[in-house]
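Peer 1: Residue numbers (the numbering used here), protein chains in the order written: chain A, 17 to 311; chain B, 895 to 1084.
Pasting a structure here, questions to come.
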């Protein structure tokens, strides 16, 4: 009974002593092509584009957190300072930015969500995930633990994770997607640009590609132990160079059959589709490779 | 630049000559007695600086040999695909030479990668407080995965040293390791 009483008392005191969450709502003018840098440790950072020449930051700051934001019409910096950087309280920020702005975001564990930005986008999440929707001119997305998901057709994209998966639902003329143990999935939607220059790499994660490739494209797939599944459209014109040291090759795209590897190890397959032209290279050490037509 | 200035015929001739050399050679019988005599004459503190192989002239000669060997090895590796067809016996001999050349080139490249990797690991360790413990665990786990992949390819290369494709895969795995460490360093710093 006494223990219960002191427990209730402690909770009541803590509620009085603990700093409360605070709301923020700030607007700062920024040119339509201005730059904004956002830094937050924990929580969520959501960035949405609009057609106004200003940045608005709304949301809730975790207990003990403070928002610092300022700058001129060409560049703004906004960061959340935490009183305890070792274990920061989560803040939830929703930031409206000019669509054509150059956006830079970095977080520790906070997840990053961006939509509608058509300028350039640089995102770093050490332990959080990154989700981008829209067609930015260029996207650089880097994570360590977290997954990266891009829905759209960025003109240029670099997306890298260590243990997380990397997913591109869309296409890009210049793409590099990599993960160490996570999966790399490219789900090219009809109507987007064709892949012209692309690298898809993992160490043990699987790679799955469905998409259209430009005539004269240079596309490379590389995995040590992950399987690679490449599905090309019926109209693809490409010269394919496929090899594996100890995996298997399955080809349902052309009539060619794999042969022994060049150095007497593994398998290799050299084949062409259509008039050729695009160079497509697929290589694994021990992962299986499948080549097929996309449905 | 140096690689392209090496004459291919001379490199091959050099490799043939070195293969003809005995694997080991005994010093003259009197050599040890002379060395012993020198050792008893010289005070202990002068032993190290007086070591013959450490003298500047020997070091300079060793450096020249190392550079020449590196250039030769690299040249052999780079020009391997362009070499004209030769008879089977010569080809077999060449295959062994290529294997040795690939392994030698590998040793040089690995040394460069290891230096880069060690430098980056030191930077990460210096900034480790900037990373959450779970992130550090993820990075370590990812590095272990890459190291296991590197080990697998090295084992395959040891069995099949003339396989340039394996060398490419090994190099790609090192690149992935360096890339991960570079990204981690950049994230840990800021």
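Ideal Cβ positions, reconstructed from N, Cα and C, are used throughout, including at glycine.
Where does residue 240 of chain A land, buried or exposed, given buried means 16+ other C-beta within 10 angstroms?
Peer 2: buried
Peer 1: My parser needs the beta strand (DSSP E) runs of 3 or more residues fully inside the segment 236-279 of chain A; what are they?
Peer 2: 244-248, 254-260, 265-267
Peer 1: Which residue's Cα is closest to the Cα of residue 265 of chain A: A:208, A:307, A:201, A:70?
Peer 2: A:307
Peer 1: With three or more beta-carbon pairs closer than 8 Å as the criterion, would you say the segment 85-105 of chain A touches the segment 35-51 of chain A?
Peer 2: yes
Peer 1: If distances are taken between C-alpha atoms only, which option among A:76, A:249, A:71 comes closest to residue 85 of chain A?
Peer 2: A:71
Peer 1: Within 8 Å (strictly less), CB to CB, does residue 1048 of chain B reach chain A?
Peer 2: At a cut-off of 8 Å, the C-beta of residue 1048 of chain B has no neighbouring C-beta in chain A.
Peer 1: Cβ of residue 262 of chain A within 8 Å of Cβ of residue 242 of chain A?
Peer 2: no
Peer 1: Chain A partners of residue 1028 of chain B, CB-CB under 8 Å?
Peer 2: 143, 161
Peer 1: For residue 1040 of chain B, would you say it is in contact with chain A, using Cβ-to-Cβ distances shorter than 8 Å as the test?
Peer 2: yes
Peer 1: In the DSSP output, what is residue 176 of chain A paired with across the bridge?
Peer 2: A:158, A:194
Peer 1: Going residue by residue through the segment 75-111 of chain A, where are the continuous beta strand (DSSP E) segments of at least 3 residues, counting only ones entirely within it?
Peer 2: Segments of the beta strand (DSSP E) lying fully in the segment 75-111 of chain A: 81-87, 91-98.
Peer 1: Excluding the 5 residues preceding and the 5 following residue 76 of chain A in the sequence, name in chain order all residues of the same chain whose CB lies nearer than 6 Å to its CB.
Peer 2: 37, 39, 108
Peer 1: Closest to residue 169 of chain A by CA distance: which of A:247, A:204, A:287, A:73 is it?
Peer 2: A:204
Peer 1: Can you check which of these residues, A:278, A:252, A:280, A:45, is closest to residue 235 of chain A by C-alpha distance?
Peer 2: For residue 235 of chain A, the closest C-alpha among the options A:278, A:252, A:280, A:45 is that of A:252.
Peer 1: Residues in its own chain within less than 7 Å of residue 1070 of chain B by CB, not counting five upstream and five downstream?
Peer 2: If the five residues before and after residue 1070 of chain B are omitted, its C-beta is found closer than 7 Å to the C-beta atoms of 1040, all from its own chain and listed in chain order.
Peer 1: Could you confirm whether any beta carbon from chain B is found closer than 8 Å to the beta carbon of residue 110 of chain A?
Peer 2: Taking CB atoms only, residue 110 of chain A has no neighbour in chain B less than 8 Å away.
Peer 1: Go to residue 203 of chain A, then tell me how far its beta strand (DSSP E) extends in each direction, as first and last residue.
Peer 2: 200-203
Peer 1: Tell me where the beta strand (DSSP E) around residue 1052 of chain B begins and ends.
Peer 2: Element bounds for residue 1052 of chain B: not the beta strand (DSSP E) but the alpha helix (DSSP H), 1027-1053.
Peer 1: Are the CB atoms of residue 226 of chain A and residue 202 of chain A within a distance shorter than 8 Å?
Peer 2: yes
Peer 1: Could you tell me whether the Cβ of residue 215 of chain A comes closer than 8 Å to any Cβ of chain B?
Peer 2: no
Peer 1: If we define contact as Cβ-Cβ less than 8 Å, is residue 59 of chain A a contact residue for chain B?
Peer 2: no
Peer 1: I want to know whether the segment 1005-1021 of chain B touches the segment 152-161 of chain A - three or more CB-CB distances under 8 Å.
Peer 2: no
Peer 1: Buried or exposed for residue 1012 of chain B, please, with buried defined as at least 16 other CB atoms from any protein chain shown within 10 angstroms of its CB.
Peer 2: Exposed, by the Cβ-count rule.
Peer 1: Is it buried or exposed for residue 42 of chain A, if we count other Cβ within 10 angstroms and need 16 for buried?
Peer 2: With fewer than 16 other Cβ atoms within 10 Å, it is exposed.
Peer 1: Do three or more CB pairs link the segment 161-175 of chain A to the segment 188-201 of chain A at distances below 8 Å?
Peer 2: Using a C-beta cut-off of 8 Å, the segment 161-175 of chain A makes contact with the segment 188-201 of chain A, since at least three inter-stretch Cβ pairs fall below that distance.
Peer 1: Does the distance from the CB of residue 58 of chain A to the CB of residue 114 of chain A come in under 8 Å?
Peer 2: Taking the C-beta atoms as reference points, residue 114 of chain A is found no nearer than 8 Å to residue 58 of chain A.
Peer 1: Can you round the beta-carbon distance between residue 257 of chain A and residue 286 of chain A to whole angstroms, since I take them to be within the 8 Å contact cut?
Peer 2: 6 Å
Peer 1: Terminal residues of the continuous beta strand (DSSP E) containing residue 288 of chain A?
Peer 2: 283-289
Peer 1: Does residue 238 of chain A pass the burial test, meaning 16 or more other C-beta atoms within 10 Å, or should it be called exposed?
Peer 2: buried
Peer 1: Name, please, each residue of chain B whose Cβ falls closer than 9 Å to the Cβ of residue 123 of chain A.
Peer 2: Result: empty, since nearest Cβ-Cβ is about 10 Å, beyond 9 Å.
Peer 1: Quick check: the Cα distance between residue 148 of chain A and residue 999 of chain B, rounded to an integer number of angstroms?
Peer 2: 43 Å
Peer 1: For residue 1046 of chain B and residue 1082 of chain B, what's the separation of their Cα atoms in angstroms?
Peer 2: Rounded to whole angstroms, residue 1046 of chain B to residue 1082 of chain B spans 30 Å at the Cα level.
Peer 1: Which of the residues in the segment 175-187 of chain A, read from start to end, lie with their CB under 7 Å from any CB of chain B?
Peer 2: For the segment 175-187 of chain A, which is checked against every Cβ of chain B, the residues closer than 7 Å are 176, 178, 179.
Peer 1: Out of A:121, A:206, A:198, state which residue places its alpha-carbon closest to the alpha-carbon of residue 179 of chain A.
Peer 2: A:198
Peer 1: Compare the beta carbon distance of residue 275 of chain A and residue 284 of chain A with 8 Å and say whether it is the shorter of the two.
Peer 2: Result yes, Cβ atoms of residue 275 of chain A and residue 284 of chain A sit closer than 8 Å.
Peer 1: Output yes if chain A places a C-beta closer than 8 Å to the C-beta of residue 1010 of chain B; else output no.
Peer 2: no
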